[in-house]
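Going by the working numbering, the sequence shown opens with residue 1318, and the numbers climb by one from there.
Single-structure report; data block below.
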Amino acid sequence: MADKDGNVLAKDYGIGIEPPQRIFSVKGHQCAGWGMQGRLSQIFGDDGRTIMLAFDHGYIMGSTAGLERLDLVIPPLLPYADCLMATRGALRTCIPGNHRKAVALRCTADTSVLKDDMSFGSAGVDIEDAIRMNASCMAVQCFVGAAGELDSLKTLSYYVNQGEKYGVPVLGVVAVGKEMERTTRYFSLATRLLAEQGAHIIKTYYCDNFEQITAACPVPIVIAGGKKIPESEALAMAYRAVNEGAAGVDMGRNVLQAACPSAMLRAIRMVVHENAKPEEAYHAYELWRKDVK
Ligand code: R5P
């Protein structure tokens, strides 16, 4: 060894001091591997919550409202999001590589809104590309109860197997087809089913008796925003969701189609991370909105 002489003699062994207890707070993942826990920690803060900004819906809807110019619309929102949910094509072209946000990479190849039955998707992005993209998790769309249910659950299993191998979590996305009911019973079944198949995080819609759904799901749930509703109502929905056990939101249209997306994401942040009441957050939204104009 080049410096074997002149080394300061090691003596601080902390004899008698127990190693610190390490607590991992993401629900259901206390026994996950170190790399898996690291990626989950990119997504969830110390409060166990997250704000995902979903701008992946162009992959089935095209240049829908709010997503006409990803390169102009998304970068100003980055300071207020914890995690970016998008396709690799969108990320590579509109987000600079030094963004420092968690990434929920949309990995499935699904059919567009032009199809009557969109439930026959398949694996798209492979795990190597997800790792090259520094994905914090891989998002996989699942159609429970639809004609393509088995295909989508096989795709989910494929990604869970790959993710377990390399320490990359899977975000199981409950997709509601045109014919499917949006009831507590349905979401309860779908969320639990995806978690039992091995998804590490679940994205679903908010519904009545939501606390039963979060209680019965062994991993964190984030809620989708769904179709655009008034800003005050979207904030109230986020508030109810996190107070009924959700670990955060994964919202797209209710941010991107808001009168002022950056003010909306900041207001959602108040609700999710600061436990602000929805009225208080909406008041802040109105003030920030005026500032931006
Ligand atoms: C499934 O999660 C879909 O791709 C969502 O439509 C997308 O993530 C946008 O989210 P939101 O429903 O909040 O607009």
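Just so it is clear, CB atoms sit at the ideal spot from N, CA and C, and this is done for glycine as well.
In the DSSP assignment, glycine 1565 falls within the unbroken beta strand (DSSP E) covering 1565-1568. At the C-beta level, tyrosine 1483 and isoleucine 1518 stay beyond 8 Å of one another. Cysteine 1424 and lysine 1328 have their C-alpha atoms spaced approximately 51 Å apart. For the 8 Å CB-CB criterion, aspartate 1443 and threonine 1404 do not form a contact. Listed in chain order, the non-local C-beta contacts of glutamine 1359 below 7 Å within the same chain comprise Ala1419 and Ser1453, local neighbours out to five positions each way being set aside. Between threonine 1531 and glycine 1562, the gap from beta carbon to beta carbon is short of 8 Å. With contacts defined as CB atoms closer than 8 Å, valine 1539 and valine 1491 fail to qualify as a contacting pair. In this structure, the beta-carbon distance from aspartate 1388 to threonine 1410 falls below 8 Å. A heavy atom of the ligand R5P is found nearer than 7 Å to the CB of methionine 1568. Exposed is the label assigned to threonine 1500, since fewer than 16 other Cβ atoms lie within 10 Å of its Cβ.
Taking glycine 1465 as reference, the option from Ser1436, Arg1509, Phe1504 and Ala1598 with the minimal CA-CA separation is Ser1436. Exclusion of the five residues before and after tryptophan 1605 leaves Cys1577, Ser1579, Ala1580, Arg1583 and Ala1584 as the residues of its chain whose Cβ lies within less than 8 Å of its Cβ. The beta carbon of leucine 1470 lies closer than 7 Å to those of Cys1459 and Gln1514 in the same chain, with the five residues before and after it left out. By the Cβ rule, the region 1374-1384 does not count as touching the region 1349-1363, because fewer than three pairs are nearer than 8 Å. Within the region 1360-1400, the runs of beta strand (DSSP E) that reach at least 3 residues and sit entirely inside it are, in chain order, 1367-1371. When DSSP states are grouped into helix, strand and coil, arginine 1417 belongs to the coil group.
Relative to the non-hydrogen atoms of the ligand R5P, the Cβ of lysine 1520 comes within a distance shorter than 7 Å of at least one. Contact between alanine 1516 and leucine 1473 holds: their C-beta atoms lie close to 6 Å from each other, under 8 Å. At least 8 Å separates the beta-carbon of valine 1588 from that of alanine 1575. Comparing alpha-carbon positions, the option among Gln1529, Gly1345, Asp1427 and Ser1549 lying closest to asparagine 1560 turns out to be Gln1529.
Residue environment for glutamate 1548: buried (at least 16 other C-beta atoms within 10 angstroms of its C-beta).
Closest in alpha carbon position to aspartate 1567, among Leu1488, Asn1451 and Val1609, is Leu1488.
Under the three-state reduction of DSSP output, cysteine 1424 falls in the coil class, being neither helix nor strand. A distance below 6 Å between beta-carbons, with the five flanking residues on each side excluded, links methionine 1554 to the following residues of its chain, in chain order: Tyr1523.
Bounds of the beta strand (DSSP E) holding valine 1490 are 1487-1491. Scanning its chain for C-beta atoms nearer than 7 Å, with the 5 sequence neighbours on each side dropped, one finds around alanine 1551 the residues Gly1542 and Asn1571, in chain order.
Of the residues assessed, cysteine 1534 falls on the buried side of the cut-off, its CB having 16 or more other CB atoms within 10 angstroms. With a cut-off of 7 Å, the C-beta of alanine 1398 is classified as distant from the ligand R5P, since no heavy atom of the ligand falls inside that distance.
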